[in-house]
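Visitor: Those letters in the sequence shown? Residues 68 to 353, per the working numbering, in order.
A virtual CB, placed ideally from N, CA and C, is assigned to each residue, including glycine.
These numbers come from a predicted model, not from an experiment.
My questions all concern the structure below.
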Amino acid sequence: MTILVTGATGAVGRLVVDRLLAAGEPVRALTRNPAAAGLPEPVEVVEGDLEKPESLRAALAGVDRLYLFPVPHTAREVVALARQAGVRRIVVLSSSSVLDTSSGNHSGQYHRSVERAVQESGIDWTFVRPDEFATNVLWKWGHSIRTEDVVRAPHANAKRVLIHESDVAAVAATALLQDGHAGQAYVLTGPEALTQAEQVRQIARAVGRPLAFEEITPDQARQAMGQVMPAPVVEMVLGYLADAVTDPPVPLGTVEQVTGRPALTFARWAADHAADFAPQPTDRAA
68 MTILVTGATG AVGRLVVDRL LAAGEPVRAL TRNPAAAGLP EPVEVVEGDL
118 EKPESLRAAL AGVDRLYLFP VPHTAREVVA LARQAGVRRI VVLSSSSVLD
168 TSSGNHSGQY HRSVERAVQE SGIDWTFVRP DEFATNVLWK WGHSIRTEDV
218 VRAPHANAKR VLIHESDVAA VAATALLQDG HAGQAYVLTG PEALTQAEQV
268 RQIARAVGRP LAFEEITPDQ ARQAMGQVMP APVVEMVLGY LADAVTDPPV
318 PLGTVEQVTG RPALTFARWA ADHAADFAPQ PTDRAA
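In structure tokens:
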């Protein structure tokens, strides 16, 4: 039987595909643009769009396990089609934000709606709930590091337990491949809590050049972030950073519990992504 990976060209989905292939499993990858997918030849690449559930009928034929990227407004339709196709196991890429049930938590509401659709389907499920991705620093700080060798952010002493996307994929692949994970909701973190200033120092070591951290006020950050993201997301980010100064998150051992090896450090993540912080002529010109 075949495993269908949705979001197969994403940061996590692509790594899930690699792990399933390494385990010798037949993999079918769903993408809106198969010609641009760039997936290895053993993968059966099929066209489909989670935004258009009917486009998944052919992709689901003969599938018994599904890695589901979260798209809340079509989740019930997608899950119903999966059930009709005979899918027996669904592993959902969710978020630790589901644990915050406050009305203002947009991310939590977003992912809870997907979890609920899967949970009520009757299909065996596993929820993979990463805390903050280390890759978030690429969109937060990547441009200023590449162009100015500086990071400007509020709350220098806010500690986060950033997780490597490879660890998220490892847990998801384990839940797809092995029995014993049905009904589990795995909250994932990195192995250490680091302040934002410490994160910048570790990136500097990885890229081999000095980087400065300039602390700005929350209002200054709000103005800058508001140019590239919706206001509710800006407030969510600023809120958790403020909380992380006085009540920092605690690293969890879930990655090792599920996969049998410790979670990867932020220093490892920075080394793996050093090229993403290299000065770019187009950035410098901008």
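1) Let me check understanding here. Comparing Cα to Cα, which of R124, E121, F333 and E92 lies closest to P109?
2) Assess contact between the segment 187 to 196 and the segment 220 to 229, defined as three or more Cβ pairs (one per stretch) separated by less than 8 Å. Is contact present?
3) Whole alpha helix (DSSP H) runs in the segment 231 to 292 with 4 or more residues, listed along the chain?
4) With a CB to CB cut of under 7 Å and the five nearest residues on each side skipped, what residues in its chain are close to R351?
5) So A126 and R95 are in contact, right, with Cβ under 8 Å, and what is the actual spacing, rounded?
6) Helix, strand or coil for R156, going by three-state DSSP, please let me know.
7) DSSP state of I70, grouped into three classes?
8) Below 8 Å, is the gap between the Cβ of V145 and the nearest heavy atom of the ligand ZN?
9) If distances are taken between C-alpha atoms only, which option among L166, A147 and P101 comes closest to A184?
10) I need the boundaries of the beta strand (DSSP E) containing F194, first residue and last residue.
11) Whole angstroms is fine: what's the gap from V154's alpha carbon to L278's?
12) What are the boundary residues of the beta strand (DSSP E) that D310 is part of?
13) Please state if the CB of A330 and the CB of R272 are separated by a distance shorter than 9 Å.
14) Helix, strand or coil for E118? Go by DSSP, reduced to three states.
15) Please classify D310: is it buried, with 16 or more other beta-carbons within 10 angstroms of its beta-carbon, or exposed?
16) Taking the runs of the alpha helix (DSSP H) that are 4 residues or longer, which of them lie wholly in the segment 94 to 145?
17) Take E282 as the anchor and find which of Q269, Q290 and Q263 has the nearest alpha-carbon.
18) Please identify the residue among I230, G115, S163 and A90 whose C-alpha is closest to the C-alpha of P101.
19) Quick check on A184: does DSSP put it in helix, strand or coil?
20) Taking the CB atoms as reference points, tell me whether L82 and E259 lie closer together than 9 Å.
21) For A236, count the other beta carbons within 10 Å of its own beta carbon; 16 or more makes it buried, fewer makes it exposed. Which is it?
22) So T202 packs on A78, CB below 8 Å; how close in whole Å?
23) Taking V274 as the reference, which of Q151, D286, L305 and A334 has the closest Cα?
24) With distances taken Cα to Cα, identify the nearest neighbour of K207 among Q245, H178, L255 and V301.
25) Have a look at D167, L106 and D216 and flag the residue whose alpha-carbon is nearest the alpha-carbon of R268.
Guide: According to the structure data:
1) Nearest of R124, E121, F333 and E92 to P109, Cα basis: E92.
2) They do not touch, by the three-pair rule.
3) Scanning the segment 231 to 292 from its first residue to its last, the whole alpha helix (DSSP H) runs of 4-plus residues come out as 232 to 244, 263 to 274 and 285 to 292.
4) Residue confidence is low: R351 scores 49 on pLDDT, short of 50, so the model does not pin down where it sits. No coordinate-derived value is stated.
5) Contact annotation, A126 with R95: C-beta distance approximately 6 Å; criterion of less than 8 Å satisfied.
6) Looking at R156 - three-state DSSP - the assignment turns out to be strand.
7) In this structure, I70 counts as strand in the three-state DSSP scheme.
8) For the structure depicted, the ligand ZN is absent and the ligand set is empty, with no information on it obtainable.
9) Comparing Cα-Cα distances from A184 to each of L166, A147 and P101, the minimum goes to A147.
10) Where F194 is concerned, the enclosing beta strand (DSSP E) stretches over D191 to P197.
11) Counting only the Cα atoms, L278 lies some 49 Å from V154.
12) The continuous stretches of beta strand (DSSP E) do not include D310, which lies in the alpha helix (DSSP H) extending over residues A298 to T313.
13) In this structure, R272 keeps its C-beta atom at 9 Å or more from the C-beta atom of A330.
14) In this structure, E118 counts as coil in the three-state DSSP scheme.
15) The residue in question, D310, is exposed, as its Cβ has fewer than 16 Cβ neighbours within 10 Å.
16) The qualifying runs are 124 to 127.
17) Out of Q269, Q290 and Q263, the CA that lies nearest to the CA of E282 is found in Q263.
18) Restricting attention to I230, G115, S163 and A90, the CA atom closest to the CA of P101 is found in G115.
19) Helix.
20) Their beta carbons are not under 9 Å apart, which means L82 does not touch E259 by this criterion.
21) A236 should be labelled buried.
22) With 8 Å as the limit, T202 and A78 qualify as a contact, their Cβ atoms being about 6 Å apart.
23) It is A334.
24) It is V301 whose Cα lies nearest to the Cα of K207.
25) Nearest in C-alpha terms to R268, of all of D167, L106 and D216, is D216.
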